[in-house]
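Chemist:
Protein chains: 2
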Amino acid sequence: MVLRSSNIRPDMARLWSSLMRSAEIGRTAKGGLKRLALSEEDGEVRREFVRWCEEAGCTVQVDGIGNIFATRPGSDPDAKAVLVGSHLDTQIKGGRFDGILGVLAGLELVRTLNDHDLTTRRPIVIVDWTNEEGARFEPPMIGSATFTGQKSLDFAYARADKDGVTLGQALDRIGFKGADRLSPDTFDSLFELHIEQGPKLDEAKRQVGIVTGAFSVRGLIVEVRGEVGHVGPTPMPKRKNAIVGAARVTLAIDDIGWSRHETGGKSTTMRLKVEPNLLGILPDLVEMTCDFRHPEAAVASGMLAAFEAAIPEIERRSGCKVTIKEQWSYGGMEYDPGCIALTRDAAEDLGYSTMDLLTEAGHDAMHVADYLPTAMIFTPCEGGLSHNEAENVTLADIEPGVNVLLRSVLNRAGIA
Amino acid sequence: MVLRSSNIRPDMARLWSSLMRSAEIGRTAKGGLKRLALSEEDGEVRREFVRWCEEAGCTVQVDGIGNIFATRPGSDPDAKAVLVGSHLDTQIKGGRFDGILGVLAGLELVRTLNDHDLTTRRPIVIVDWTNEEGARFEPPMIGSATFTGQKSLDFAYARADKDGVTLGQALDRIGFKGADRLSPDTFDSLFELHIEQGPKLDEAKRQVGIVTGAFSVRGLIVEVRGEVGHVGPTPMPKRKNAIVGAARVTLAIDDIGWSRHETGGKSTTMRLKVEPNLLGILPDLVEMTCDFRHPEAAVASGMLAAFEAAIPEIERRSGCKVTIKEQWSYGGMEYDPGCIALTRDAAEDLGYSTMDLLTEAGHDAMHVADYLPTAMIFTPCEGGLSHNEAENVTLADIEPGVNVLLRSVLNRAGIA
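Residue numbers (this note's numbering), protein chains in the order written: chain G, 796 to 1211; chain F, 796 to 1211.
#1: Give me, in chain order, the residues of the same chain whose beta-carbon lies closer than 6 Å to that of F/ILE1106; leave out the 5 immediate sequence neighbours on both sides.
#2: Could you run through the region 874 to 905 of chain G and flag, in chain order, every residue whose CB is less than 7 Å away from some CB of chain F?
#3: Compare the C-alpha of F/GLN742 against each of F/LEU1080, F/ASN1198, F/ASP1159, F/VAL1199 and name the closest.
#4: Any beta carbon of chain F sitting closer than 8 Å to that of G/SER800?
#5: Rounding to the nearest angstrom, what Cα-Cα distance links G/GLU1214 and G/GLU836 in this structure?
#6: Flag F/THR961 as yes if its beta-carbon sits less than 8 Å from any beta-carbon of chain G, otherwise no.
#7: Are three or more beta carbon pairs between the region 877 to 886 of chain G and the region 922 to 939 of chain G nearer than 8 Å?
#8: Are the C-beta of G/ARG1088 and some C-beta of chain F separated by less than 8 Å?
#9: Under 8 Å: do the region 1172 to 1187 of chain G and the region 1121 to 1130 of chain G share three or more Cβ pairs, one atom per stretch?
#10: Under the three-state reduction of DSSP, which class applies to F/CYS853: helix, strand or coil?
#11: How would you call F/ARG906, buried or exposed, if buried means at least 16 neighbouring beta carbons within 10 angstroms?
#12: Buried or exposed: F/MET1128, going by 16 or more other Cβ atoms within 10 Å of its Cβ?
#13: Grab me the residues of F/ARG1066's own chain with a C-beta within less than 8 Å of its C-beta, minus the 5 sequence neighbours each way, in chain order.
#14: Distance, Cα to Cα, G/ASN1187 vs G/ASP893?
#15: Can a CB atom of chain G be found closer than 8 Å to the CB of F/ALA1105?
#16: Counting only beta-carbon separations shorter than 8 Å, does G/ASP1192 have a partner in chain F?
#17: Who does F/MET1150 pair with in a DSSP beta bridge?
#18: Taking C-alpha atoms, which residue in F/ARG816, F/HIS1025, F/SER978, F/VAL960 lies nearest to F/THR941?
#19: Measuring straight from C-alpha to C-alpha, what distance separates F/ARG841 and F/GLY852?
#20: For F/LEU1015, return the contacting residues in chain G, with the cut-off set at a CB-CB distance below 8 Å.
#21: Can you find at least 3 beta carbon pairs, one from the region 1089 to 1098 of chain F and one from the region 1027 to 1044 of chain G, that sit closer than 8 Å?
#22: Please confirm whether G/ARG1001 has its beta-carbon closer than 8 Å to some beta-carbon of chain F.
#23: List the endpoints of the continuous beta strand (DSSP E) containing F/ALA874.
#24: Which residues mark the beginning and the end of the beta strand (DSSP E) in which G/PHE864 is found?
#25: Are the C-beta atoms of F/GLU836 and some chain G residue less than 8 Å apart?
#26: I'd like the span of the alpha helix (DSSP H) that includes G/ILE921, first residue to last.
#27: Would you please verify whether the beta carbon of G/MET1065 is less than 8 Å from any beta carbon of chain F?
#28: Can you confirm whether F/ASN926, when its beta carbon is compared against all beta carbons of chain G, has any partner nearer than 8 Å?
#29: Along the chain, where does the alpha helix (DSSP H) containing F/HIS911 start, and where does it finish?
#30: Measure from the alpha carbon of F/GLU839 to the alpha carbon of each residue in F/THR1154, F/LEU966, F/ALA1142, then state which is nearest.
#31: Tell me the DSSP secondary structure of F/HIS777 in three-state form.
#32: Should G/ARG799 be labelled buried (16 or more other beta-carbon atoms within 10 Å of its own) or exposed?
#33: Can you check whether the C-beta of G/THR1174 is within less than 8 Å of a C-beta belonging to chain F?
#34: Determine the extent of the alpha helix (DSSP H) in which F/MET807 is found, giving its start and end residues.
#35: Quick check on this structure: which residue in G/GLU1108, G/VAL1023, G/TRP1053 has the alpha carbon closest to the alpha carbon of G/GLY1069?
#36: Could you tell me which whole beta strand (DSSP E) segments of length 3 or greater appear in the region 1015 to 1093 of chain F?
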């Protein structure tokens, strides 16, 4: 049986109520969320989520990195499960929907199946990935990277937050260092519903984003080395002020994004570490975290090359030494055509307006996509604002996406 | 008796040995000093200094802010004392001579008088000012500002370092919160010997800097406010990246210094505080510490005005809001003509080459100059480098300055 013409619908009021309950845990004065990975607040929302899943009849497993898997059994004992989920952690000044919507929509899907007493052929597993944001432990998306084996558990445990607490210690503290061993082999596919975190759907008044792939990202740590000196007597021509060098790097990077922005290019300096960063001293070191993003891998690489070509002039003008100390890249892949077709068909059957999009942010689905057929679905979000306490969606904004998720997953899992 | 033709000379080897002993206390791997105000190391060098002063027959007093005054009595019970000194604290990556030379040259002066069994008419008081650098507690030069009454003891005690330790607590910890009450009324004058911290004497191969006054300094805290957003999906035209705004502020400030550098102008961005300063987030706040310096007060004010005039264009190009949140100014005054004449005459009598200079850094002498006849004497320093572990002078570099200090102070104090 295929559900194309089914009228199974989620209970949007129930989903909204779960979202609003989550929004109380780590709530900020400005109405956003501060729920850093493996913090006390993350522990609290995890316990609430586990309770909800168990009440919905799921069996909960926690793996070594703290990813939570809640399984609703299927009818076929040999069928691999469909994963549905995202993450419950947030940025320091984060919003109430980024990641959370994807997890709680998975829960709502299970609750809806329970309402209708329906059993799918494949099991359905709701997943909450650990430390997606990377706001406490770097790199981000470490839960899914450990699940797929791209990173080792030992590597992950040793990541430390700014206070020196390791990820392993933080897992122990909140009681979420699990013993269950799960890997992509256990699963059939992954569906992740997420707010767009950009303005395209909102501006074009489209209801559902069909995510076909991901932007190419080229990240880098730039080190600007100058020379310590006294702010007072050191004459301008003798200075090597690393903040001045960093300012020239920032504007060179900014220009590279602007000159490609009409084709979707973006460039960012997002983080600076200055030393010694004191009154009266010319600083000798700025470490900068930067990245370039573009829909086309070749253009993303070209942006990085353009920056490299700009370095000698920056060095000449600032007197500083500019070095790319570290580089990384991700994205640039396409999601699974079969899974994408399921989401596109679901939206069409339900009469929703859609837009094809690429993910411009990092998502756990990008890690999993190398191992399992994967799709993402985007909902609009107000003004495209995200990683911001003012991040917002209405129930009407997310209803189409939640329906598309439900229908796609049911079609993938099959009704027994 | 006037000492113009005297051949009283300091024991430079003894002074150098004291400087090298000081250089062991808080020594860094690179051979500089990390001896933050009121740290354990500062406590240790203070105890050594007190021991030396007492061995030299001085009476030591410590005031409420921890300034140390070591008095060698004079012959005239009604005569006010001549102060000679500077500071023993350093920057985080500081050098071995900045401040320290001025204190230990005062000690050498006393030891030399002892060698010759000479009594001056006025008492001579060696002073070590607390927290000159401001590297641990802000503002800098707080010891002299409390001595003169420009700042209250309560204000000073409440200053906190980056770990939240207050200046009052730090004084208690190292046992240097004294009970002695001293004020400018007790004193006749102040002489401060200091390394130049700039390259002029070194480049011109002059032996002694006759300091006639101070640069005018206009300091400011600039706040750049942008908007938090996701680094991935936020299109370039929708961004308000505070780091980009801060880069434009930095270069505008840098340009203002460059365009006045031939007349001695300097402009600096020295410190940045970025929020949230995280991977994946467009930052919404950069707080910048900046200053403008020029020999002429009107030009210094003009540099600040030029920056204010540049703000609207910076805001337009970055999308950020730029505000001057705090402002301060100091310097711009002249030292005492009588004291300056003593230093100039001493240098001439001794046959040293001289150069008239302005202080371009802040010094305790600048606070005291509003209350007492004051002079400063500069020695050359290698390459003008200071506030740097590589700061260096040779014994030959400092010998002329130490002799000029000794002779000027003896002439001011008078021989009984």
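Yeah, the Cβ is synthetic: ideal placement off N, Cα and C, and Gly gets one too.
Modeler: Let me lay it out:
#1: Sequence index remark: in the second sequence, residue 1106 of chain F carries index 311 (1-based). Within the same chain, F/ILE1106 has close Cβ partners VAL1117.
#2: GLN886, ILE887, LYS888
#3: The displayed coordinates of chain F run from 796 to 1211. Any statement about residue 742 of chain F would go beyond what the structure contains.
#4: Here residue 800 of chain G corresponds to residue number 5 of the first sequence, with the count starting at 1. Bear in mind that the predicted position of G/SER800 carries a pLDDT of just 39, short of 50, making it too unreliable to give a figure here.
#5: Only positions 796 to 1211 of chain G appear in this structure, which leaves residue 1214 of chain G out of reach.
#6: Walking along the second sequence from the start, residue 961 of chain F turns up at place 166. Taking Cβ atoms only, chain G never reaches closer than 8 Å to F/THR961, which makes this a no.
#7: yes
#8: Counting from one through the first sequence, the residue named residue 1088 of chain G turns up at place 293. It does; some Cβ of chain F falls within 8 Å.
#9: Contact fails: fewer than three Cβ-Cβ distances are below 8 Å.
#10: Within the second sequence, the letter at position 58 stands for residue 853 of chain F. If DSSP states are grouped into helix, strand and coil, F/CYS853 belongs with coil.
#11: Locating residue 906 of chain F in the second sequence gives position 111, where the first residue counts as 1. Buried, because 16 or more other Cβ atoms sit within 10 Å of the Cβ of F/ARG906.
#12: Translated into positions along the second sequence, residue 1128 of chain F becomes position 333. When all chains shown are included, F/MET1128 counts as exposed.
#13: The residue you call residue 1066 of chain F lines up with position 271 of the second sequence. Result list for F/ARG1066: MET1083, THR1084, in chain order.
#14: Residue 1187 of chain G sits at position 392 when you count from the first residue of the first sequence. Residue 893 of chain G sits at position 98 when you count from the first residue of the first sequence. Spanning the two alpha carbons is a distance of roughly 9 Å.
#15: Position 310 of the second sequence, counted from the start, is the residue given in the question as residue 1105 of chain F. No - not a single Cβ of chain G is within 8 Å of the one on F/ALA1105.
#16: Sequence index remark: in the first sequence, residue 1192 of chain G carries index 397 (1-based). Not one chain F Cβ lies under 8 Å of G/ASP1192.
#17: Position 355 of the second sequence, counting from 1, holds the residue named residue 1150 of chain F. BP columns for F/MET1150 point to F/GLY1004.
#18: On the second sequence, position 146 is the one that residue 941 of chain F refers to. For the residues F/ARG816, F/HIS1025, F/SER978, F/VAL960, the minimum Cα distance to F/THR941 belongs to F/SER978.
#19: For the purposes of this step, residue 841 of chain F is identified with residue 46 of the second sequence, where counting begins at 1. For the purposes of this step, residue 852 of chain F is identified with residue 57 of the second sequence, where counting begins at 1. About 17 Å.
#20: Walking along the second sequence from the start, residue 1015 of chain F turns up at place 220. What F/LEU1015 touches in chain G: nothing, since even the nearest Cβ is about 12 Å away.
#21: no
#22: Locating residue 1001 of chain G in the first sequence gives position 206, where the first residue counts as 1. Closer than 8 Å: no.
#23: Walking along the second sequence from the start, residue 874 of chain F turns up at place 79. Element bounds for F/ALA874: n/a, residue is neither H nor E.
#24: Taking the first residue of the first sequence as 1, we reach residue 864 of chain G at position 69. 863 to 867 is the extent of the beta strand (DSSP E) around G/PHE864.
#25: Your numbering for residue 836 of chain F matches position 41 in the second sequence. So no, F/GLU836 is outside the interface.
#26: Here residue 921 of chain G is taken as the residue at index 126 of the first sequence, counted from 1. Not the alpha helix (DSSP H): G/ILE921 falls in the beta strand (DSSP E), residues 919 to 923.
#27: Here residue 1065 of chain G corresponds to residue number 270 of the first sequence, with the count starting at 1. Answer yes: the Cβ-Cβ gap between G/MET1065 and chain F drops below 8 Å somewhere.
#28: Indexing the second sequence from 1 puts residue 926 of chain F at position 131. So no, F/ASN926 is outside the interface.
#29: Reading the second sequence from its first residue, position 116 is the one you call residue 911 of chain F. If you look at F/HIS911, you'll find it isn't in any alpha helix (DSSP H); DSSP assigns it neither H nor E.
#30: Locating residue 839 of chain F in the second sequence gives position 44, where the first residue counts as 1. F/GLU839 has its Cα closest to that of F/LEU966, out of F/THR1154, F/LEU966, F/ALA1142.
#31: This structure cannot speak to residue 777 of chain F, because chain F is shown only from 796 to 1211.
#32: Translated into the one-based positions of the first sequence, residue 799 of chain G becomes position 4. Here the model assigns G/ARG799 a pLDDT of 47, short of 50, so the residue's position is not dependable, and the following value carries that caveat. With a 10 Å radius around the Cβ and a threshold of 16 neighbouring Cβ atoms, G/ARG799 comes out exposed.
#33: The sequence position of residue 1174 of chain G within the first sequence is 379, counting from 1. Any Cβ of chain F closer than 8 Å to the Cβ of G/THR1174 would place that residue at the interface, and such an atom is absent.
#34: Taking the first residue of the second sequence as position 1, residue 807 of chain F is located at position 12. F/MET807 -> alpha helix (DSSP H) spans 807 to 817.
#35: Residue 1069 of chain G sits at position 274 when you count from the first residue of the first sequence. Per the sequence shown, residue 1069 of chain G should be read as Val rather than Gly. Cα-wise, what sits closest to G/VAL1069 is G/VAL1023.
#36: 1061 to 1070, 1080 to 1089
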